[in-house]
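Worksheet: the structure to be examined is printed underneath.
Protein chains: 2
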Amino acid sequence: MPKALDTTIVAVVTDIRLGTEPLIGYGFSSFGRFAQGGLIADRFAPRLLRADVLDMLHGDGLAIDPLKAWAVMMTGEKPGGHGERCVAVGALDMAIWDLAAKARQLPLFRLLRQVFETETSLVSVPIYAGGGYAFPHNDLACLREEAERFRTMGFRAMKMKVGAHSLEVDCRRIETVLEVFETGDKVAIDAMNAYSSPRVREAAAAFEPYSLRWFEDICDPLDFATHRAIASAYRPPISAGEALFSASDARNLLRYAGLRRGHDVLTFDPAHCYGIPEYARILAGFLDQGWSARDFQPHGGHLYSLHVALGFGLGGCECNPHNFQPFGGLADGTAIVEGEASPPDIPGIGFESRNLLMDLFRQLVQS
Amino acid sequence: MPKALDTTIVAVVTDIRLGTEPLIGYGFSSFGRFAQGGLIADRFAPRLLRADVLDMLHGDGLAIDPLKAWAVMMTGEKPGGHGERCVAVGALDMAIWDLAAKARQLPLFRLLRQVFETETSLVSVPIYAGGGYAFPHNDLACLREEAERFRTMGFRAMKMKVGAHSLEVDCRRIETVLEVFETGDKVAIDAMNAYSSPRVREAAAAFEPYSLRWFEDICDPLDFATHRAIASAYRPPISAGEALFSASDARNLLRYAGLRRGHDVLTFDPAHCYGIPEYARILAGFLDQGWSARDFQPHGGHLYSLHVALGFGLGGCECNPHNFQPFGGLADGTAIVEGEASPPDIPGIGFESRNLLMDLFRQLVQS
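Given below as structure tokens:
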């Protein structure tokens with residue numbers, strides 16, 4: 001059986017040396033959108049490789065300026081059609097930020113705070129465990145076991161999937177997780193854009209009594225009218241953004257979807273949104289309209305999104321402790337303290353703190 | 368100087384024989400979005416190659432059912448993010464329709480009429496010449512020469528680019544073309560999504576007195592609020608759709624952009640919109656709201672968009688007689704009669720009627 005979904009990994013290798021080691025940045029395309037290798041190899045990497053190095057050098061002389069490199073990658077790209085290429089660029093952008101932070105001997109979140117002048121001094125962010133997919137056998141028992149495992153690891157909240165079963169079964173699944181996490185504000189549900197417009201109205205009515213943490217990706221991400229209808233009828237928070245990949249699409253969500261400032265949650269994935277420069281524009285668009293950075297909880301559940309959350313002072317982020325390995329989760333051996341976590345205190349994104357992941361990245365550089 | 372833009376070509380080769388020749392379908396990714404080879408090779412073609420042939424066979428037993436093949440290609444694809452993959456799928460879908468029409472010994476437009484039960488008996492459609500890009504030297508003289516060449520070829524209308532110069536220069540360019548085509552309804556302008564929201568308001572005011580055929584891609588294709596503002600202030604037609612690639616995005620254009628039914632023009636490119644099945648859904652969405660198929664003028668300017676226009680009874684289509692060769696334009700030696708044209712009366716899309724193009728496609732099959 002061929003894999004239905006994988007991810008794309010990139011390494012940006014320089015001729016700079018840090019001690020005896022070459023300076024290398026690593027990136028990958030987060031989870032859910034895949035096969036970006038051709039776009040990277042045929043369209044975006046060649047622009048970087050062809051560019052005059054002086055057009056990408058930072059004013060401080062310390063290697064690459066990620067914002068300049070981003071402008072080089074996007075040369076000639078047309079407005080509209082924000083899918084796939086945004087993931088290809090996001091993966092390259094991640095590697096370039098990793099590189100830039102390593103060149104300055106800073107963890108990524110500290111470089112983000114410098115570059116974007118964010119006013120935050122958080123040392124950790126709230127995280128929640130991503131999981132709760134349907135199990136092929138003994139679904140409810142396995143789901144309870146998974147939730148218990150998350151609690152034992154120190155998570156104080158988790159997100160589970162809905163939409164693959166009848167509403168009756170999904171209600172039983174939610175109740176099963178609530179037996180472990182106890183209150184609705186600890187449990188988010190994610191419909192993965194599966195519901196049709198009529199169906200999500202039924203689902204919202206069925207789920208509302210649980211007063212859940214949030215109801216994510218409730219329908220087609222571009223069906224703003226249905227978002228508006230649910231936001232006006234369903235009292236607990238909804239969340240949106242994971243399947244929108246540009247500042248233009250984000251502006252439409254803001255204009256048309258009727259989301260409730262300070263109540264609903266924004267899950268844009270920076271690795272899917274052309275990387276950090278565009279994510280910063282998305283964030284700025286919401287801040288301009290009175291939203292808070294605390295309303296953002298980036299999708300991903302890996303070290304990179306943890307840095308983005310800590311660097312921009314966001315409300316928290318997902319963590320995938322066992323799904324999407326070896327990419328998901330925290331640095332090897334990281335403790336979750338009072339439901340919060342920090343990235344490792346090493347330069348860059350800190351992929352080097354994860355042994356299995358580095359085995360993979362090193363193959364890329366050696367090949 | 369590396370090429371900034373190319374296209375992606377595909378061949379779908381079968382073990383069916385038509386006489387002594389193998390049955391092969393050809394497709395390409397139209398113009399403007401490129402480097403789809405990786406997405407095709409890593410994500411979409413493998414689904415077709417893995418599929419059970421019975422899941423794609425038409426009930427008539429005559430080779431592949433393009434609608435079934437489309438469903439196979441889209442297996443597991445997620446809602447949202449309609450860019451690039453829609454072009455990869457569109458190129459494969461084009462080749463599959465070419466194949467399916469050849470297997471039935473029909474020109475593509477006749478197969479489209481059968482499959483979609485379109486009520487049209489047109490034998491030709493109005494076409495207009497696409498061109499009018501800025502020339503690096505002697506721009507106005509070259510532009511006039513190009514317009515005269517189009518007229519001599521039999522075109523009764525053309526489309527030219529605006530937005531690369533000041534409004535004053537663009538007005539002189541428009542006036543130059545009007546000296547050849549005489550009346551505004553013969554000359555469309557295309558800003559290629561280059562104008563910012565404030566700038567397009569100035570541009571619309573400057574261009575309005577010319578009463579042009581239409582004003583295309585006026586700003587960011589996802590900035591529906593600006594479309595609405597221009598549609599309410601600018602009297603002549605505007606056109607939109609070329610840079611929207613799905614039925615979900617098209618529905619937002621319909622919901623939010625304030626376009627005027629029976630007045631404004633829809634330029635969706637079927638090869639960029641996941642191919643014909645999704646294009647048919649886009650069309651149906653507008654027809655449901657009282658629009659006419661005559662309001663559609665697909666982007667592309669090649670034989671495939673001519674078949675789509677003739678098959679669905681659209682208002683006409685673009686023709687690129689000298690740009691984007693060897694893909695743009697009609698069958699070799701085709702006459703334009705009273706501003707209208709037909710595809711060649713041979714099975715499939717009729718790429719075989721274009722010698723230079725077939726040289727390219729044959730290299731793909733032989734390699």
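Protein chains in written order, with my numbering: chain A, 1 to 367; chain B, 368 to 734. Yeah, the Cβ is synthetic: ideal placement off N, Cα and C, and Gly gets one too. Note that the structure is predicted; figures quoted are calculated from it, not measured.
Practice item. For residue 543 of chain B, name the three-state secondary structure that DSSP assigns. Key: Residue 543 of chain B: helix per DSSP, three-state reduction.
Cβ-based contacts, 9 Å cut-off: residues of the segment 206-239 of chain A near chain B: If the cut-off is 9 Å between Cβ atoms, the segment 206-239 of chain A has 217, 219, 220, 221, 222, 223, 224 and 225 near chain B.
If you count every other CB in all the chains shown that lies within 10 Å of the CB of residue 239 of chain A, and 16 or more means buried, which is it?
-> Under the 10 Å beta carbon count, residue 239 of chain A is surrounded by 16 or more other beta carbons and is classified as buried.
Candidates A:302, A:258, A:249 and A:294: which alpha carbon is nearest residue 281 of chain A's? Nearest neighbour of residue 281 of chain A by Cα position, chosen from A:302, A:258, A:249 and A:294, turns out to be A:249.
Please state if the CB of residue 663 of chain B and the CB of residue 621 of chain B are separated by a distance shorter than 8 Å.
-> Going by C-beta atoms, residue 621 of chain B is not nearer than 8 Å to residue 663 of chain B.
(Q) Beta carbons nearer than 9 Å to chain A: which residues of the segment 392-407 of chain B have them? (A) Result list: 399, 400, 401, 402, 403, 404, 405, 406 and 407.
Legend entry - Distance between residue 18 of chain A and residue 444 of chain B (C-alpha atoms, nearest Å): Going from the Cα of residue 444 of chain B to the Cα of residue 18 of chain A covers about 42 Å.
Check: Taking only beta-carbon atoms, is residue 718 of chain B less than 8 Å away from chain A?
Finding: Judged by the 8 Å Cβ criterion, residue 718 of chain B is not in contact with chain A.
message: Closest to residue 432 of chain B by C-alpha separation, out of B:509, B:655, B:614 and B:644, would be which residue?
response: Ranked by Cα distance from residue 432 of chain B, the first of B:509, B:655, B:614 and B:644 is B:644.
Under 9 Å (Cβ pairs) to chain E, residues found in the segment 75-88 of chain A:
Structure shown: chain E not included; protein chains present are A and B.
* To do: For residue 42 of chain A, go through chain B and note every residue whose CB falls closer than 7 Å to its CB, in chain order.
  => When 7 Å is used as the limit between beta carbons, residue 42 of chain A is near these residues of chain B: 402, 404 and 405, in chain order.
Note to self: Counting only C-beta atoms, is residue 255 of chain A closer than 8 Å to chain B at any point?
What the structure shows: Yes, because at least one Cβ of chain B sits closer than 8 Å to the Cβ of residue 255 of chain A.
| request: Residues of the segment 541-562 of chain B with a CB closer than 8 Å to any CB of chain A: list them in chain order, please. | output: Within the segment 541-562 of chain B, the residues whose Cβ lies closer than 8 Å to some Cβ of chain A are 559 and 560, listed in chain order.
Anyone know if the C-beta pair for residue 227 of chain A and residue 194 of chain A falls short of 8 Å?
No, Cβ-Cβ distance for residue 227 of chain A and residue 194 of chain A is not below 8 Å.
Per DSSP, what are the beta-bridge partners of residue 685 of chain B in this structure? For residue 685 of chain B, which the question treats as bridged, DSSP gives the partners B:495.
Can you name, in chain order, every residue of its own chain whose Cβ lies under 7 Å from the Cβ of residue 86 of chain A, other than the five neighbours on each side? Closer than 7 Å at the Cβ level, and outside the excluded window around residue 86 of chain A, lie 245, 246, 272, 273 and 274.
Identify each residue in the segment 611-643 of chain B for which the Cβ-Cβ distance to at least one residue of chain A is less than 7 Å, and report them in chain order.
Of all residues in the segment 611-643 of chain B, 611, 612, 615, 616, 619, 622 and 623 have a Cβ within less than 7 Å of some Cβ in chain A.
Next on the checklist: What does DSSP give as the partner residue(s) for residue 159 of chain A in the beta ladder?
Outcome noted: Secondary-structure assignment with DSSP links residue 159 of chain A through a beta bridge to A:130 and A:188.
**Q.** Range covered by the beta strand (DSSP E) that runs through residue 24 of chain A
**A.** Counting along the chain, residue 24 of chain A sits inside the beta strand (DSSP E) bounded by residues 21-28.
*Kindly indicate which residue of A:309, A:334 and A:300 has the alpha-carbon position closest to the one of residue 320 of chain A.*
Closest option to residue 320 of chain A, Cα to Cα, is A:300.
Spatial distance of residue 29 of chain A from residue 361 of chain A (CA atoms):
Distance between the alpha carbons of residue 29 of chain A and residue 361 of chain A is about 13 Å.
Length at least 4, wholly inside the segment 288-340 of chain A: the alpha helix (DSSP H) runs in chain order:
Fully enclosed alpha helix (DSSP H) runs of 4 or longer: 303-312.
- request: Provide the residue span of the beta strand (DSSP E) that contains residue 382 of chain B, from first to last.
  value: Start and end: 376-385.
Check your understanding: Where does residue 502 of chain B sit, in a helix, a strand or coil, going by DSSP?
Key -> Coil at residue 502 of chain B, not helix or strand.
- Residue ranges of each beta strand (DSSP E) run of no fewer than 3 residues wholly in the segment 19-93 of chain A, ordered along the chain? Within the segment 19-93 of chain A, the complete beta strand (DSSP E) runs of at least 3 residues are 21-28.
* Spell out the partners DSSP gives residue 368 of chain A in its beta bridges. => The displayed coordinates of chain A run from 1 to 367. Any statement about residue 368 of chain A would go beyond what the structure contains.
Tell me which residue opens and which closes the alpha helix (DSSP H) that residue 227 of chain A is part of.
Segment 224-233, the alpha helix (DSSP H) holding residue 227 of chain A.
**Request:** Could you tell me how far apart the beta carbons of residue 156 of chain A and residue 179 of chain A are, in whole angstroms, since I believe they sit closer than 8 Å?
**Result:** Here residue 156 of chain A is actually not in contact with residue 179 of chain A; their C-beta atoms are around 16 Å apart, not less than 8 Å.
| Taking C-beta to C-beta, are residue 146 of chain A and residue 189 of chain A nearer than 8 Å? | Residue 146 of chain A is not a Cβ neighbour of residue 189 of chain A, given a cutoff of 8 Å.
Give me the DSSP bridge partner(s) of residue 107 of chain A.
Beta-bridge pairing by DSSP links residue 107 of chain A to A:348.
Would you kindly work out how many angstroms separate the C-alpha atoms of residue 520 of chain B and residue 705 of chain B, rounded to a whole number?
-> Taking the straight line joining both Cα atoms gives about 11 Å.
Residue 314 of chain A beta carbon less than 8 Å from that of residue 298 of chain A: Going by C-beta atoms, residue 298 of chain A is nearer than 8 Å to residue 314 of chain A.
#### Entry: Sequence-distant residues of the same chain with beta carbon closer than 7 Å to residue 400 of chain B, five excluded per side
Cβ-Cβ distances below 7 Å link residue 400 of chain B to 451, 454 and 639 in the same chain, with the five nearest sequence neighbours on each side left out; the list follows chain order.
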